[in-house]
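Residues 1 to 1052 in UniProt numbering are what the sequence shown lists, from first letter to last.
Quick reminder that beta carbons are idealized off the backbone N, C-alpha and C, glycines included.
Remember, it's a predicted structure, so these values are computed and weren't measured experimentally.
Scroll down for the structure; my scribbles are underneath it.
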Amino acid sequence: MDPTNKPKGPSPHYSLYQREVFRRGGEEGALPSFSVHADELVESTKKTLNNRGYFYANSNAGLGWTDKANREAFYRWRIVPRMLVDTNTRDLTTELFGHRIPAPILFAPIGINKLYSPKGELVPARIAGELGLPYCLSTAASQPIEDVAAANDLGASIKNESNSVHQYSGPNGGDAKSPRFFQLYMGHDDEITISLLERAWKSGFDVCMLTVDTWQLGWRPTDISIANYVFYYPGAVGNEVGKSDPVFMKKHGEELEKDSGKWIDSSVWHGKAHTWEKMPWLIKEWKRISNGRPFVIKGIQCVEDAVKAHEVGCEGIVVTNHAGRQVDGAVGSLDVLPEIVEALIDAEMKIIFDSGIRTGPDVFKALALGAHAVQVGRLYVWGMSHEGEAGCRHVMKSLLADLDITMTVAGYQSIDRDVRRNKKALRYNPYERPSPSSIMAPLKDIEKEAILPSTIPTQVVSAPPKRRSKWAHFAGLVLCSLIILHPAVGILRSHLRPVFGDAGAELCPQVEALYPSKNAELFKSLGETLGTEEFKGRAVEWLGGAVRVPCALLVYFTLNKRQIVVYADTEQSRTTRWNLLAKDPRWEAFGPFHDYLLKAYPLIHSTLEITKVNTYGLVYVWKGSDASLKPLLLAAHQDVVPVDPKTVDEWEHPPYSGYFDGTNIWGRGSSDDKSGLIGVMSTIETLLENKFQPTRGIVLSFGFDEETSGLHGAQQLAKHLLSSFGEDAFAMLIDEGGSFSEQSGSIIATPGIAEKGYIDTRIEIASPGGHSSIPPSHTSIGMLSALLVEFEAHPFKVHLSRGTPVYSTVQCLAAHAKDVSLHLRALIKASAHSDKALRKAEKELFKDKGFKALVGTTQAIDLIQGGVKANALPEQAWAVVNHRLATDSSVAVTKQRDTDLLKSLAEQFNLSYTAFGSAISAEDAPAYGTLTLTDAWGTALEPAPITPTDPDAVPYRILSGTIKATYDSHRGLKGGENIVVSPGIMSGNTDTRYYWNLTRHIFRYNHHNSGNGSALANGVHTVNEHIRIVDFVEIIRYFTTLILNVDESTEL
């Protein structure tokens, strides 16, 4: 419990309000009449007000997405507590526009307060005066300006520890005893505007706050449903500021008697926009009236407007979306706050945050992200709707206590010194979202399961999951970084600097963000272009149009004389032994797709050299001005996984529609891999439009059967490229694969630097047939079963080895994943030189079976067949065991192990044994039958060569720096420490399997945003495949940054 004998500090001990409430309850039985928990408070407010009163302040624009975005933005930022800090006294005081105030909290301007209490604005004005906090009066108030000022001074006259903090020595037209500001809705009658400003100044309101986002009311369905515009009803309130204004009444007094909406319709929400051109006049007039006092614009939501406000002479801005009441589907105000703060870092402007504040931690987070103060609105009107002054006071004192206690227990002593603009006090968790019950949504018809664009739906489980050890949790994180399409990432060199002290630098050093220098102006210009709505529209058309051309392959094969159709994402389709039909229509889909590319990208097709390989493979060559430089090779594939007709009804939008819902582009291929191919093409077309001529050549290679092993596409393309350019002819190769996602508190980018190998071992037994009425001791099927049991009884021995990509991934996550425990981090660090530590880490990590499978060679019995009739002994039985080969193993090692495993059983069953073409048993020895091991389809593949990531690996450094620059520039961030890059492997194989001889530097990474790391979150290979348009534009930004960086590198 907070002791009452703490030393006196710069701020009152607001935390003691907690003790006061507890003591009144315990000693007097006096309990608060309502809860200050925000969710519960809004529910009780509904019961105290009629619909018109409640929804006036609580209705939201449209479906309420912006209001939800405001709250979810707070959820994504987490406070980082500090321990053993002297917080016995806290300093919540700050300076705002010359006023020394006890806490950085303002009463926001809210109109028509008589809807909540008969005294209207007199209530919060008085409480603000009592607390010494700035009060902002709305032009749409239901009390005259002068009366509100008097109430504010009355509250300030009741001296206490809180309002005694207030100090101010500047000019003030009304000798105000407490800080108060005037919020202006500006009509188009300048005389009325000047009259309002003069009245405000004379009444002691010494800051003018112009609202620019609400000259027209937003579309608010709940207000529509009850015709909630109180000014048109008999006995209307909300005209008091106008009725008490001499200029307005002289001009419109008679009209107001007949039309109760005249004041509000002409001077407040008049529906006629102002522009920036009007601002110099208004600022000049306010400065004239107020002897130079500050002018603030309220309603800023983007960097450009914030900078413009500074340019026209504003001393402050309010970052707000009007609490989600104006534009539905807008950005959360907290989401844009950091970039606005960064843009104004050198400007002497005060930044006030508004929209979504509910708790003390909310205030803390907004300040840590750079706000000088916050405004609170809905909270205090909810309080006054319960008990007038007492309710308003209770809510605001509770908020102050909450902030004070948060500072106390989180270990932050001073608002100005320890919290403001201190991002280290916060941790960003971008892909997690709160449960629907914790998001306030007054519109009951909002779908609870709906999610914001940057979130992933929470899985509903029927029972609590079993508790996992911290080791297993960590292993799961590593696995999540490594699964197909989400490989883990690599070690860098350039400008190495640790993120977690020496451990981070030693285990997984990071490079700085790499921005183009020679092409800096072009990069800046293209970055601005990519951020426009016009370009987003083009990107939607490019990718949506590509999705609308189906490029799905079906594989036909014959089995037991029956023709079977197999969808291309099954393992069976990855074979060549089955008899493909000589003529089938599956290739014809690519003709229309080529036609689409020709139409969509005219400059590419008129500038680059184009070669078609094996009819549908595409090679584009953009020659550089320096032929001595190795070109950059960008790969992708045209084909997509087919849509199972049985699942079509499960799609939210038709699977080949390319439908854009304002956030996502839907359809097969939108994510895998037309986003990559179209991303590359869109980048090249945009560069051509901007007259870019590469110094280093660029080659594009697009296969058309990657989903069915690339035998006809990438394999033939590789031969063409090898004959045209030669071995090791390319500086680096980029193909699909890796992505970035949130992993244990950090954003991790994961370019794949290797792929596991594979072989399908066919085990075939032949033995004499006959009638089943006279069976032998063991039939072919029985013997085969024993062999398969032997396989499963003896899995490959697996060890975590230093120098492997997976070990590098473990090191990087241990070094940079913020939520990994210190003990685990220390163990991984020690494993670099201690075998004992390595084995201990391995033991714990291997408790996660998925992680263990990724490290070593695996085996899975996937196919089996034997016998033709129930009463006939099977003369033959066979099975196929699929192996995925560890990066430090080989096909030969795997074959030898399989061979050795079955020797004793071959002897036991008296079988003549041949393995992979070699006789194992004596050739002339008598035998009951035969055992034969073969490469089932002749498609064995060695593990891919590991791409260099050592300090001298220039391509990896460039890629890593490019990833960081892309991530930061797309979000308006700086510093390069916002995303970590770590090496890893692919668990599956891409078209790069055919390109090994073209370059040593192969990277499987297309900068896909994978959210929280779920591979299927975007519907890849399943129903409802989609991609957010903002993420697709980021892919284009990535390829743009990569091309420019590679082009100007002198080290490649």
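Between which two residues does the alpha helix (DSSP H) carrying K397 extend? Note, K397: alpha helix (DSSP H), 378-410.
Beta-carbon separation of S138 and G111 under 8 Å? For S138 and G111, yes; Cβs fall inside 8 Å.
| field | Which listed residue (T406, N51, T607, K903) has its alpha carbon closest to that of V85 | value | Of the candidates T406, N51, T607, K903, the one whose C-alpha sits nearest the C-alpha of V85 is T406.
On the three-pair Cβ rule with 8 Å, is the segment 832-842 touching the segment 873-883? The segment 832-842 is not in contact with the segment 873-883.
Alpha carbons only, please: which of E191, Q715, I765, E146 is nearest the one belonging to residue 1105? Since the displayed the chain opens at 1 and closes at 1052, residue 1105 lies outside it and no answer follows.
Please list, in chain order, all residues of the same chain as T458 whose beta carbon is under 6 Å from its beta carbon, the five residues on each side excluded. Below a pLDDT of 50, predicted positions are generally treated as unreliable, and T458, at 32, falls in that range; the measurement from the model is reported next regardless. Nothing meets the Cβ criterion.
*CB of S203 within 8 Å of CB of A149, strictly*: With contacts defined by Cβ atoms closer than 8 Å, S203 and A149 form a contacting pair.
The segment 623-634 in contact with the segment 681-697 per 3-pair CB rule at 8 Å: Result yes; three or more Cβ-Cβ pairs closer than 8 Å.
For this session: Determine, using beta carbons only, whether P592 and V549 come nearer to each other than 8 Å.
Result: Contact: yes.
Worksheet item: Among residues of its own chain, excluding the 5 on either side of I979, which ones have a beta-carbon nearer than 7 Å to its beta-carbon?
Response: Hits under 7 Å: F740, I747, A749, I963, K964, Y967.
Q) Does the Cβ-Cβ distance between I678 and A552 come in under 8 Å? A) No, these two residues do not count as a Cβ contact at 8 Å.
Quiz item: Where does N871 land, buried or exposed, given buried means 16+ other C-beta within 10 angstroms?
Solution: N871 should be labelled exposed.
Next item on the list: Could you please give the first and the last residue of the uninterrupted alpha helix (DSSP H) stretch that includes D639?
Entry: From DSSP, D639 is part of no alpha helix (DSSP H); its letter is neither H nor E.
Which first and last residues belong to the beta strand (DSSP E) in which H859 is found? Checking the sequence shown, residue 859 turns out to be Gln, not His. For Q859, the enclosing beta strand (DSSP E) covers residues 858-866.
Taking 6 Å as the limit between beta carbons, can you name the residues of its chain near R24, skipping five residues before and five after?
Take R24, set aside five residues on each side of it, and the residues of its chain with a beta-carbon closer than 6 Å to its own are A30, in chain order.
Local conformation of T1050 per DSSP, three classes: Coil, per DSSP.
Checklist entry - Exposed or buried, K119, counting other C-beta atoms within 10 Å across all chains shown (16 or more means buried)? => result So K119 ends up on the buried side.
Residue from Q510, H310, G856 whose Cα sits closest to the Cα of K350 | For the set Q510, H310, G856, the Cα lying nearest the Cα of K350 is the one of H310.
Exercise for the section: With distances taken Cα to Cα, identify the nearest neighbour of F590 among A815, E609, N614. Expected result: Of all alpha-carbon atoms in A815, E609, N614, the one lying nearest the alpha-carbon of F590 is that of N614.
(request) Keeping to the same chain, check which residues put their C-beta closer than 6 Å to that of S682; ignore five residues upstream and five downstream. (result) So the qualifying residues of the chain are W542, I1036.
Q | Whole-angstrom C-beta distance between F353 and V327, which should lie under 8 Å | A | Actually they do not touch by this definition, with Cβ atoms about 18 Å apart.
>> Rounded to whole angstroms, what is the Cα-Cα separation between V307 and S385?
In response: Taking the Cα positions, V307 is about 38 Å away from S385.
- prompt: In chain order, what residues of the same chain lie with their CB nearer than 6 Å to the CB of K518, ignoring the 5 residues before and after it?
  reply: Cβ neighbours of K518 beyond the five flanking positions: E1048.
Rank V212, R957, L131, K797 by C-alpha distance to the C-alpha of residue 1053 and give the top, closest one.
It is not possible to answer for residue 1053, since the shown part of the chain is limited to 1 through 1052.
- Query: First and last residue of the beta strand (DSSP E) that includes Q876?
  - Reply: For Q876, the enclosing beta strand (DSSP E) starts and ends at 876-885.
message: Any contact between the segment 705-714 and the segment 989-999? By contact I mean 3 or more CB pairs, one from each, below 8 Å.
response: Three or more Cβ pairs closer than 8 Å define a contact, and the segment 705-714 meets that threshold against the segment 989-999.
Next item on the list: Jot down the residue ranges of each uninterrupted alpha helix (DSSP H) in the segment 906-957, minimum 4 residues, whole runs only, in chain order.
Entry: Taken in chain order, the segment 906-957 contains no complete alpha helix (DSSP H) segment of 4 residues or longer.
- request: Could you tell me whether the Cβ atoms of A826 and V820 are closer together than 8 Å?
  value: Remark: C-beta atoms of A826 and V820 do not approach each other more closely than 8 Å.
Opening and closing residue of the alpha helix (DSSP H) in which A38 lies:
First-last of the alpha helix (DSSP H) with A38: 38-48.
*asked:* If you measure between the beta carbons of V296 and I340, is that distance less than 8 Å?
replied: Against a cut-off of 8 Å, the Cβ pair of I340 and V296 comes out as no contact.
* Please work out which residues of its chain come closer than 6 Å, Cβ to Cβ, to V526, disregarding the five sequence neighbours upstream and downstream, and give them in chain order. => Residue 526 is actually Leu in this sequence, not Val. Correct list, in chain order: T1040.
Notebook entry, point to check: Can you list, in chain order, the residues of its chain whose CB lies under 8 Å from that of V237, leaving out five sequence neighbours each side?
Noted result: Taken in chain order, the residues that qualify are I112, K114, L115, G120, S142, V230.
What is the DSSP secondary structure of P234, counted as helix, strand or coil? The answer is coil: DSSP assigns P234 none of H, G, I, E or B.
*asked:* Please tell me whether Q896 has its Cβ less than 8 Å away from any Cβ of chain D.
replied: As a matter of chain content, chain D is missing from the structure shown, which is built from one protein chain.
**Prompt:** Beta carbon of R427, beta carbon of K974: below 8 Å?
**Reply:** No, these two residues do not count as a Cβ contact at 8 Å.
**Request:** May I have the straight-line CA-CA distance separating A140 from N50, to the nearest angstrom?
**Result:** C-alpha separation (whole angstroms): 20 Å.
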